[in-house]
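2 protein chains.
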Amino acid sequence: MKNAMKVIMGSLVLLTSLILLVSCGDDGDDSDVLNSITKYDTPKYVFYFIGDGMANPQVNLTEAALNDDDFRLAKPGDVGVGVLNLSTFPVIGMATTFAEDRYITGSAAAATALACGKKTTIGTISQNGDHSQDFETMAEMAKAKGMKIGIISSVSIDHATPACFYAHEPSRGNYNNIAAQMATSNFDYFAGGFAKGDFEKYRGRDPEGDPKDIIAEMQNAGYTITTTRAELQATQPGQKVWAYTGYDGDAALYYELDRPSDHVSLAEFTAKGIELLHSKDGFFMMIEGGKIDWACHANDAVSAAHDLIAFDNAIGEALDFYNEHPKETLIIITGDHECGGLTLGFAATEYESAFALLKDQKISYQEFAVRVGNWADNGNVNFSTALDSMKYFFGLGNANLNNALALSEYETNCLKEAFNESMSGDTDRDNEENFLKYGPYYDPFTITITHILNQKAGIDWTSYYHTGVPVPVYAMGQGQYEFSGSYDNTDIAKKIIEIAELASD
Amino acid sequence: MKNAMKVIMGSLVLLTSLILLVSCGDDGDDSDVLNSITKYDTPKYVFYFIGDGMANPQVNLTEAALNDDDFRLAKPGDVGVGVLNLSTFPVIGMATTFAEDRYITGSAAAATALACGKKTTIGTISQNGDHSQDFETMAEMAKAKGMKIGIISSVSIDHATPACFYAHEPSRGNYNNIAAQMATSNFDYFAGGFAKGDFEKYRGRDPEGDPKDIIAEMQNAGYTITTTRAELQATQPGQKVWAYTGYDGDAALYYELDRPSDHVSLAEFTAKGIELLHSKDGFFMMIEGGKIDWACHANDAVSAAHDLIAFDNAIGEALDFYNEHPKETLIIITGDHECGGLTLGFAATEYESAFALLKDQKISYQEFAVRVGNWADNGNVNFSTALDSMKYFFGLGNANLNNALALSEYETNCLKEAFNESMSGDTDRDNEENFLKYGPYYDPFTITITHILNQKAGIDWTSYYHTGVPVPVYAMGQGQYEFSGSYDNTDIAKKIIEIAELASD
Numbered sequence: 038m039k040n041a042m043k044v045i046m047g048s049l050v051l052l053t054s055l056i057l058l059v060s061c062g063d064d065g066d067d068s069d070v071l072n073s074i075t076k077y078d079t080p081k082y083v084f085y086f087i088g089d090g091m092a093n094p095q096v097n098l099t100e101a102a103l104n105d106d107d108f109r110l111a112k113p114g115d116v117g118v119g120v121l122n123l124s125t126f127p128v129i130g131m132a133t134t135f136a137e138d139r140y141i142t143g144s145a146a147a148a149t150a151l152a153c154g155k156k157t158t159i160g161t162i163s164q165n166g167d168h169s170q171d172f173e174t175m176a177e178m179a180k181a182k183g184m185k186i187g188i189i190s191s192v193s194i195d196h197a198t199p200a201c202f203y204a205h206e207p208s209r210g211n212y213n214n215i216a217a218q219m220a221t222s223n224f225d226y227f228a229g230g231f232a233k234g235d236f237e238k239y240r241g242r243d244p245e246g247d248p249k250d251i252i253a254e255m256q257n258a259g260y261t262i263t264t265t266r267a268e269l270q271a272t273q274p275g276q277k278v279w280a281y282t283g284y285d286g287d288a289a290l291y292y293e294l295d296r297p298s299d300h301v302s303l304a305e306f307t308a309k310g311i312e313l314l315h316s317k318d319g320f321f322m323m324i325e326g327g328k329i330d331w332a333c334h335a336n337d338a339v340s341a342a343h344d345l346i347a348f349d350n351a352i353g354e355a356l357d358f359y360n361e362h363p364k365e366t367l368i369i370i371t372g373d374h375e376c377g378g379l380t381l382g383f384a385a386t387e388y389e390s391a392f393a394l395l396k397d398q399k400i401s402y403q404e405f406a407v408r409v410g411n412w413a414d415n416g417n418v419n420f421s422t423a424l425d426s427m428k429y430f431f432g433l434g435n436a437n438l439n440n441a442l443a444l445s446e447y448e449t450n451c452l453k454e455a456f457n458e459s460m461s462g463d464t465d466r467d468n469e470e471n472f473l474k475y476g477p478y479y480d481p482f483t484i485t486i487t488h489i490l491n492q493k494a495g496i497d498w499t500s501y502y503h504t505g506v507p508v509p510v511y512a513m514g515q516g517q518y519e520f521s522g523s524y525d526n527t528d529i530a531k532k533i534i535e536i537a538e539l540a541s542d
Numbered sequence: 038m039k040n041a042m043k044v045i046m047g048s049l050v051l052l053t054s055l056i057l058l059v060s061c062g063d064d065g066d067d068s069d070v071l072n073s074i075t076k077y078d079t080p081k082y083v084f085y086f087i088g089d090g091m092a093n094p095q096v097n098l099t100e101a102a103l104n105d106d107d108f109r110l111a112k113p114g115d116v117g118v119g120v121l122n123l124s125t126f127p128v129i130g131m132a133t134t135f136a137e138d139r140y141i142t143g144s145a146a147a148a149t150a151l152a153c154g155k156k157t158t159i160g161t162i163s164q165n166g167d168h169s170q171d172f173e174t175m176a177e178m179a180k181a182k183g184m185k186i187g188i189i190s191s192v193s194i195d196h197a198t199p200a201c202f203y204a205h206e207p208s209r210g211n212y213n214n215i216a217a218q219m220a221t222s223n224f225d226y227f228a229g230g231f232a233k234g235d236f237e238k239y240r241g242r243d244p245e246g247d248p249k250d251i252i253a254e255m256q257n258a259g260y261t262i263t264t265t266r267a268e269l270q271a272t273q274p275g276q277k278v279w280a281y282t283g284y285d286g287d288a289a290l291y292y293e294l295d296r297p298s299d300h301v302s303l304a305e306f307t308a309k310g311i312e313l314l315h316s317k318d319g320f321f322m323m324i325e326g327g328k329i330d331w332a333c334h335a336n337d338a339v340s341a342a343h344d345l346i347a348f349d350n351a352i353g354e355a356l357d358f359y360n361e362h363p364k365e366t367l368i369i370i371t372g373d374h375e376c377g378g379l380t381l382g383f384a385a386t387e388y389e390s391a392f393a394l395l396k397d398q399k400i401s402y403q404e405f406a407v408r409v410g411n412w413a414d415n416g417n418v419n420f421s422t423a424l425d426s427m428k429y430f431f432g433l434g435n436a437n438l439n440n441a442l443a444l445s446e447y448e449t450n451c452l453k454e455a456f457n458e459s460m461s462g463d464t465d466r467d468n469e470e471n472f473l474k475y476g477p478y479y480d481p482f483t484i485t486i487t488h489i490l491n492q493k494a495g496i497d498w499t500s501y502y503h504t505g506v507p508v509p510v511y512a513m514g515q516g517q518y519e520f521s522g523s524y525d526n527t528d529i530a531k532k533i534i535e536i537a538e539l540a541s542d
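Chains as they are written, first to last, in the numbering used here: chain S, 38 to 542; chain P, 38 to 542.
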């Protein structure tokens, strides 16, 4: 094939030169044309993957950890990296993320940019900055064109990122109003988490909104609601479906690290979406990996990496589809912002890394923090027993697993101090030093465990919040080269809308 | 032009389809060809820019700071970013950097990968990992082809990165042997820093090497040595030139922030290189921005940003050349590794950034640390006077400039503790906590100043060393699209060698 390519290239040089002479002989600016001749068909199947809190460092962490012994892909002694599906994409861009009113963006302003191609203010769902105007989203454009629409997220389906594709609200916190707009969207497939807008406490959160029974509104709008894997599998193309299975207290999927096997995965929701939406009219699917962000807020590298792997597995479903329909498909992957100030280096580990130390973490920080909360409530666990629990669930302190997991005196002191803080029930973080150590509201003992474990592996964080570094954009399929180079996050949406010809004439 | 392009594209679709039918009609795998038809001429002018310690975060920092009020480009109230020359490049790739024997690479192993396309061990200069074999460098290949060769660096010209293009040594520390290989390289232009190998202390560093008088060796080999701007300007094409002006104790250019006006800049060295090497035989130029790395080791964001701007100004010279010779030129920019675990977010500043707070730093950490060292030697400066000096040189603590520069009690305590440590002359960092706070050998008071100033601006670091995150690759010119996507740092060299046809047949 490679030789055949060369022959074609050779022929094309001549032909192209000829055409150029005829078509723009008066134009000295033909170098770009000679350098790259890019054409594409209009894609009718568009996948838009958004990793919340996913920028380069999250990808780097996951690929580094993937490679190391037993984390998932066992390659003992190899200092290289594992390869996620997204790193096989032929085109990369870098996109700035700032909001209209803040350099470090939030998920609502970022998702508005990614869905509509326009900047807005922090917290706004697909409206302009002063909320006087709704922005049309690319999903709404695609629907108007007759394409089937799927919106999938591992967090609640009315969370900022998915919301920005079907709703318009002045505040991302108006979950009741946002969720109600699912029912009026007429979109074909909603899947992943449940709706916070159906929770009693959110039903009247918007002072101008009414209490909403989202399940009833969706049923009245003709949606089949499935709550088990079997029910989801039984749905058929032509049905409008809202699918969720198990969810946590925020109506989100469990962390991948904690997910019970009867909870449907992000990849399964994606595969079913392809099955339901595949038709001659084409489809637009947005798939969000939403808890990469949450794990990074909590500085839990292992939970973030597992959620990124779950997200990448969903990308794998799109890749399978692409391989069957390469001339009709475009896949775009990006993040809305980085989170946590993650990097793969730490002062005390100097030039060394030991990602394999992460492999013994069994549960997310969240699951462990629930246990610590119970200890504090019951007052029945001392520091020594707490360390035993830490050894079991994180591997940290267990020198039998790996000498490098042993605790230094300094580390033990940090853990002791954090444990006492956890047991005290003091949630005040006005003390600047404690705020830096434990973050705004995380359990001190748990976050000290993930900090020390991460640092021993050669990983560190600078923040409990989003950061301002740009996000990568990965593109594959028709129009892919349009995503090459450096641009703004609003340009990602503009490019997709133009390439897939989503805008009405 | 855009409409003309569309016409050309339309015509090409038909022609391409025809060719494809004829040339590979039996091949179902023609989707990639249809998707992107890329051809290029063999570039005869190759620029290879290497930012030492430059990965995405360094670029992000500089563009964020550039935008902010008064840092360089004044755009008050704008939350966007400034744009460096490198961000105008049409193609981006991401490259892994790991060495043969360590995940976090060093400049020698990384530069060997970038110069030769092969992995090696930490500290090795263009040899294989066990030092039994020399690797041919792309500069040597280009020389053998008859191209003119220029090697430019803002650090010493025998430092790891430039060395890997002309020398072969088992250890980067053998400066005497490395520098001596400049003289035998027959390359046409060396410029930037002086040679550490000419320093008395390095002349016999390699136990098997002889003391070297590098200036004499270069003169004997026919090089014109210039040590002033005027002497450099007087050189002519056809002369072999080694150019340096002022240099610091490591034979490197001063930090851009400290550079006296009579010291030639990296951009000037680059512009002169273009003038000297431009000929029908083509040229290969490697230009390193070497002190971005050093500033990041010391966690000094302002010095790093200014050195990156100086590096980007050198890229601007190449861009000017490219615009005159677009069909014959390829420009590649990359970094060898990240340094410092830099990011644009910090726990205490939460979602806020204030890059404008950086604008009042007048000198590098290095210049300031020399002053602090003198205070310690003379014992004549108390904490209050030290704070005054800090206010003057960094702006930190000067609420008249900006309220946000005022110190909290916690920050003042950190500075007091660090000042006492600096005055004590204690350079022991065995204490884990002090090591984390001050790094392996930096002046405690100075690095505490840059830490607090950076953090107030919403910037933070995790390390005093390199990190393992991949580096961006920017490409413009003939063959640019070959650099799209994710790959390894060895692939960058392989691609350049193939595209520019540097390898001997």
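Don't be surprised by glycine CBs; every beta carbon is placed ideally from N, CA and C.
Please read all numbers here as calculations on a predicted model, not as lab measurements.
Determine the burial state of residue 273/S: buried for a count of at least 16 other Cβ atoms within 10 Å of its Cβ, exposed for fewer. exposed
Counting pairs of beta carbons, one from the segment 510-526 of chain S and one from the segment 359-367 of chain S, are three or more of them closer than 8 Å? yes
Going by C-alpha to C-alpha distance, which of 216/P, 148/P and 207/P sits closest to residue 161/P? 207/P
Those runs of the beta strand (DSSP E) which lie wholly inside the segment 381-434 of chain S and span at least 3 residues: none
Measuring only the C-alpha atoms, how far is residue 98/P from residue 342/P? 7 Å
Shorter than 9 Å from the beta carbon of residue 427/S to some beta carbon of chain P? no
Please report how far the alpha carbon of residue 95/P lies from the alpha carbon of residue 103/P, in whole angstroms. 12 Å
Give me the chain P residues within the contact set of residue 144/S, using Cβ-Cβ distance strictly less than 8 Å, ordered along the chain. By Cβ distance, chain P contributes nothing, its closest Cβ being about 12 Å from residue 144/S, past 8 Å.
Rounded to whole angstroms, what's the CA-CA distance from residue 494/P to residue 413/S? Just pull it up for me. 37 Å
Can you check whether the CB of residue 373/S is closer than 9 Å to the CB of residue 221/S? no
Let me see if you follow: with CB-CB separation under 9 Å, is residue 357/S close to chain P or not? no
Contact between the segment 222-234 of chain S and the segment 184-201 of chain S (3+ Cβ pairs under 8 Å): yes
Is the CB of residue 322/P under 9 Å away from at least one CB in chain S? no
Bridge partners - residue 132/S, DSSP secondary structure assignment: 508/S and 524/S
Under DSSP, the alpha helix (DSSP H) around residue 461/P begins and ends at which residues? 446-461
Residue environment, residue 441/S, which counts as buried when at least 16 other CB atoms sit within 10 Å: exposed
Quickly, what does DSSP pair residue 164/S with across the bridge? List them, please. 171/S
Measuring alpha carbon to alpha carbon, tell me which residue in 391/P, 356/P, 527/P and 82/P is nearest residue 182/P. 82/P
Backbone CA spacing between residue 332/S and residue 278/S [nearest angstrom]: 29 Å
Just the Cα atoms here: how many angstroms apart are residue 291/S and residue 265/S? 15 Å
Inter-stretch contact at 8 Å, needing at least 3 Cβ pairs: the segment 158-175 of chain S / the segment 117-127 of chain S: no
Completely contained alpha helix (DSSP H) runs for the segment 277-316 of chain P, where each covers 4 or more residues: 303-314
Quick check on residue 180/S: does DSSP put it in helix, strand or coil? helix
What does residue 128/P reach in chain S if we use C-beta pairs closer than 7 Å? 521 and 522
Any beta carbon from chain S within less than 9 Å of residue 388/P's own beta carbon? yes
By DSSP's criteria, residue 497/P is part of a beta bridge. Which residues make up the other side? 380/P
CB-CB length for residue 226/S against residue 101/P, believed under 8 Å: Actually they do not touch by this definition, with Cβ atoms about 39 Å apart.
Looking at the strands, I want to know which residues DSSP matches up with residue 206/S. 162/S
Go to residue 221/P, then tell me how far its alpha helix (DSSP H) extends in each direction, as first and last residue. 212-222
With 16 other Cβ atoms within 10 Å as the buried cut-off, status of residue 297/P: exposed
Going by C-alpha to C-alpha distance, which of 429/S, 430/S, 424/S and 468/S sits closest to residue 450/S? 424/S
Sub-9 Å separation of residue 147/P and residue 163/P beta-carbons: no
Counting only the same chain and skipping the five closest in sequence on each side, list residues whose C-beta sits under 7 Å from that of residue 254/S. 217 and 220
I want to check one thing, is the minimum distance from the CB of residue 127/S to the heavy atoms of the ligand ZN below 8 Å? No copy of the ligand ZN occurs in the structure displayed, which carries no ligand at all.
Would you mind working out which of 338/P, 136/P, 313/P and 155/P sits nearest residue 276/P, comparing C-alpha positions? 313/P
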